[in-house]
Amino acid sequence: GASALMQGLADGYFVLPNTINDYLAAGPFAKVEDLSRDNEFAMDPVIMASLENLELARAGFPEFDHEIYLAGHLTPVIFGSALKSVSVPEMLVALGTWAPEPRPQPAEPQPIQPADPKVSGFVFKVQANMDANHRDRIAFVRLSSGTFKRGMRLKNVRSGKDMAVSNPMFFFGHDRELADEAVAGDIVGIPNHGTLSVGDTLTEGATIKVTGIPNFAPEIIRRVRLADPMKAKQLAKALSDLAEEGVAQIFRRMIGADYIVGVVGQLQLEVLQARILKEYNVPITFESLNFEMARWVGSEDKKELERFISTLKMEMAEDKDSDPVYLAQSQWWLQRTQRDWPKIAFFATKERH
Numbered sequence: 286g287a288s289a290l291m292q293g294l295a296d297g298y299f300v301l302p303n304t305i306n307d308y309l310a311a312g313p314f315a316k317v318e319d320l321s322r323d324n325e326f327a328m329d330p331v332i333m334a335s336l337e338n339l340e341l342a343r344a345g346f347p348e349f350d351h352e353i354y355l356a357g358h359l360t361p362v363i364f365g366s367a368l369k370s371v372s373v374p375e376m377l378v379a380l381g382t383w384a385p386e387p388r389p390q391p392a393e394p395q396p397i398q399p400a401d402p403k404v405s406g407f408v409f410k411v412q413a414n415m416d417a418n419h420r421d422r423i424a425f426v427r428l429s430s431g432t433f434k435r436g437m438r439l440k441n442v443r444s445g446k447d448m449a450v451s452n453p454m455f456f457f458g459h460d461r462e463l464a465d466e467a468v469a470g471d472i473v474g475i476p477n478h479g480t481l482s483v484g485d486t487l488t489e490g491a492t493i494k495v496t497g498i499p500n501f502a503p504e505i506i507r508r509v510r511l512a513d514p515m516k517a518k519q520l521a522k523a524l525s526d527l528a529e530e531g532v533a534q535i536f537r538r539m540i541g542a543d544y545i546v547g548v549v550g551q552l553q554l555e556v557l558q559a560r561i562l563k564e565y566n567v568p569i570t571f572e573s574l575n576f577e578m579a580r581w582v583g584s585e586d587k588k589e590l591e592r593f594i595s596t597l598k599m600e601m602a603e604d605k606d607s608d609p610v611y612l613a614q615s616q617w618w619l620q621r622t623q624r625d626w627p628k629i630a631f632f633a634t635k636e637r638h
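When you read off a place in the sequence shown, starting at 1, and then add 285, the result is the number in our numbering.
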């Protein structure tokens, strides 16, 4: 339909806006009129445009098939606006109706089954400064198995340390509430001060490691320039926090003290710059480098890897985990380096841990 106008919802029916322009006031699927060319609203230009678009969509796209959707070959699309409260109830109903049940979670040494009685989960996102007044840091954990209860002690497999989860939270939009109980498939926010990172696995004691959470090699590489040298410490914290969120990847040259950021798109640079200024009061700029690509490197021959790093130290950096990263001037230069160093492996992705 004419979605930019936000004057109705179309899904085989046309839903009229109410007088107070609050689409949630009357509840989901309220005041529905049959969407056809025969009703009294058929001459409305918005409805006419919706009818034409609906006919095109029905002719050009397949019917919704739940089994094909569950197999991952079909993606439902719901148009709406959270700001205008359009399609929000319909989206929630669709999620409850169509969303699949929790599935086995890839992990080592074996997949985690949702029906396992012991609690397990993994951190898939970290968000800093959700409450600017308190500088909080929330780790979002997706539960993979078991029934979690507030106050439980869980083991962080990466560090081997136990932690008491005293104030877990559920989030919905800007609202948050204490999570007294959660089950497999639920997402729980855990406040912490740097003890949890993306990729961490939490368990009731078992030593298992969730897999399949990668970092991708950046396509844009820039040097960070600090306008005020007295704020170097604040910059370091800002870059560390935002890199943990996934806003950008942070590298340090092996020769020199400059910070280098790597991103996939230009918008990430703009978001990074704006957030560092707003949340940490640190103005920064970015400078171009003569590097276009980054690759993690490794080798079964440790001496050969050491020789590679020593020989090409001007092109080497380290990521936040101190793993070596090769910076290439171009695709051609990367291919040449690969030919010159056949025992060195170059990786475009890296498992987060």
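We put the CB at the ideal spot given by N, CA and C, even for glycine.
With burial defined as no fewer than 16 other Cβ atoms inside 10 Å of the residue's Cβ, what is the status of residue i: buried or exposed?
i, result
"residue 405", "buried"
"residue 575", "exposed"
"residue 549", "exposed"
"residue 390", "buried"
"residue 483", "buried"
"residue 440", "buried"
"residue 538", "buried"
"residue 547", "buried"
"residue 371", "buried"
"residue 566", "exposed"
"residue 600", "buried"
"residue 342", "exposed"
"residue 311", "Any reading at residue 311 must be qualified, since the residue scores a pLDDT of 42, below 50, and its modelled position is unreliable; the value itself is stated next. Label assigned to residue 311: exposed."
"residue 626", "buried"
"residue 542", "exposed"
"residue 604", "buried"
"residue 393", "exposed"
When DSSP builds the beta bridges, which residues end up paired with residue i?
i, result
"residue 390", "397"
"residue 571", "509"
"residue 582", "631"
"residue 450", "Paired residue(s): none; residue 450 is not in a bridge."
Please confirm whether residue i and residue j have their CB atoms less than 7 Å apart.
i, j, result
"residue 579", "residue 499", "no"
"residue 454", "residue 474", "yes"
"residue 631", "residue 582", "yes"
"residue 489", "residue 403", "yes"
"residue 655", "residue 586", "With the chain covering 286 to 638 only, the question about residue 655 has no answer from this structure."
"residue 469", "residue 430", "yes"
"residue 442", "residue 486", "yes"
"residue 561", "residue 523", "yes"
"residue 508", "residue 572", "yes"
"residue 533", "residue 553", "yes"
"residue 421", "residue 476", "yes"
"residue 540", "residue 598", "yes"
Which residues mark the beginning and the end of the beta strand (DSSP E) in which residue i is found?
i, result
"residue 507", "505-511"
"residue 487", "486-488"
"residue 457", "454-457"
"residue 430", "422-430"
"residue 625", "Segment 616-625 is the alpha helix (DSSP H) holding residue 625; no beta strand (DSSP E) there."
"residue 405", "405-413"
"residue 612", "609-613"
"residue 548", "544-548"
Identify the continuous alpha helix (DSSP H) that holds residue i and give its terminal residues.
i, result
"residue 374", "373-383"
"residue 368", "Residue 368 -> no alpha helix (DSSP H), and no H or E assigned at all."
"residue 594", "587-596"
"residue 521", "517-530"
"residue 462", "Unbroken run through residue 462 is the beta strand (DSSP E), 460-463; no alpha helix (DSSP H)."
"residue 535", "Unbroken run through residue 535 is the beta strand (DSSP E), 534-538; no alpha helix (DSSP H)."
"residue 560", "551-565"
"residue 355", "351-355"
Could you tell me how far apart the beta carbons of residue i and residue j are, in whole angstroms, since I believe they sit closer than 8 Å?
i, j, result
"residue 506", "residue 535", "Not really, about 11 Å apart at Cβ, beyond 8 Å."
"residue 527", "residue 569", "Between residue 569 and residue 527 the Cβ distance is about 11 Å, and since that is not below 8 Å, they are no contact."
"residue 530", "residue 413", "6 Å"
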